[in-house]
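Asker:
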Amino acid sequence: MDYSTEAQFAAVVRAAERLYELAADAGTAANMDYRAEDAARHFFHECYAFKDYLKKDPRVAEPAVVEQFVSGSIPLSLAADVCNSIKHRGLDRRARGSGPLDGLRMETSLELPTRGQACAEGGKIVMQRNPRDGDVLRIVPSPHLGRSRSTVRVALLVAGKSYDACQVAQDCILAWVHVAGRLGVDLAAASDE
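With the first letter of the sequence shown counted as 1, position 148 gets the number 147 in numbering that gives the first Met the number 0; the numbers rise by one all the way through.
1. Determine the extent of the beta strand (DSSP E) in which R148 is found, giving its start and end residues.
2. For A47, does the count of other Cβ atoms within 10 angstroms reach 16, so buried, or fall short, so exposed?
3. So, helix, strand or coil for D198, using DSSP?
4. Could you tell me the distance, in whole angstroms, from the CA atom of A212 to the CA atom of L155?
5. Using three-state DSSP, classify E36 as helix, strand or coil.
6. Who pairs with L100 in a beta bridge, going by DSSP?
7. With R58 as the anchor, note down where its alpha helix (DSSP H) starts and where it stops.
8. Go to Y19, then tell me how far its alpha helix (DSSP H) extends in each direction, as first and last residue.
9. Please go through the same chain and pick out, in chain order, the residues whose beta-carbon is closer than 6 angstroms to the beta-carbon of A78, but skip the five residues on each side of it.
10. Would you decide whether L105 is buried or exposed? Buried here means 16 or more other CB atoms lie within 10 Å of its CB.
11. Apply the 10 Å Cβ neighbour rule to K55 and answer buried if 16 or more other Cβ atoms are within range, or exposed otherwise.
12. Taking the C-alpha atoms as reference points, what is the distance between I138 and S108?
13. Evaluate A119 with the Cβ neighbour count: other Cβ atoms within 10 Å of its Cβ, from every protein chain shown; 16 or more gives buried, anything less gives exposed.
14. Rounded to the nearest angstrom, what separates L100 and G183 at their Cα positions?
15. Starting from L77, follow the alpha helix (DSSP H) in both directions and report where the run begins and ends.
16. If we count the other Cβ atoms within 10 Å of its Cβ and call it buried at 16 or more, is K86 buried or exposed?
17. Quick one: Cα of F8 to Cα of L103, how far?
18. Going by CA-CA distance only, name the one from R34, V59, Y19 that's closest to R181.
19. Do you know offhand how far E16's Cα is from A6's?
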């Protein structure tokens, strides 16, 4: 198994790409399944696990700097809090970010063709599960002629604030590239794999 820092960072990037894909197009029906939430959970786990890879990298002279950077970075603190909340069934110590994780909410938009547009899939809405309290389903006109699709935004709810999981993921990747570069580890090539 490849335990290199670059291989773990490439896994972080792939996990983010899966989250982005589901956010952009989750399919042709608003099935309210857990794929997008699972992708967010997976990303934040991989992202936070990367901290240990970077701390153990022989090129990093001061591993404590990595921990300080995570604590001082809003997106990486959010990643730590999401990961630890899931791992420990809630935080067992003070949150690193702006407060405890209140939950993950899925906000699904179903784009349906408007009257007069032919639709290959028909106009049926299929629900694979009941939405949880706080989940959102929006039905909007499709900008794509004759095609329906659904998009999913996973929101991190922290201390009364909502954060877009895709934006946090993007910010986490940029933060890791920045701190690793400062510590002498070039992740630019790993993020292009």
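Cβ coordinates follow ideal geometry from the N, Cα and C atoms, glycine included.
Answerer: Taking the structure as given:
1. 148-157
2. Correcting the residue type first, residue 47 is Tyr in the shown sequence and not Ala. Per the 10 Å Cβ criterion, buried.
3. Look at the range of the chain in this structure, 0 to 192, and you will see that residue 198 is not part of it.
4. Residue 212 cannot be examined here, being either before or after the span of the chain that is shown, 0 to 192.
5. helix
6. V157
7. No alpha helix (DSSP H) holds R58; DSSP gives it neither H nor E.
8. 4-23
9. F43, C46, Y47, C171
10. Per the sequence shown, residue 105 should be read as Met rather than Leu. By the 10 Å Cβ count, M105 comes out buried.
11. exposed
12. 6 angstroms
13. Bear in mind that a pLDDT of 49 at A119, under 50, signals an unreliable position, so the model cannot answer this.
14. 33 angstroms
15. 73-86
16. exposed
17. 24 angstroms
18. V59
19. 15 angstroms
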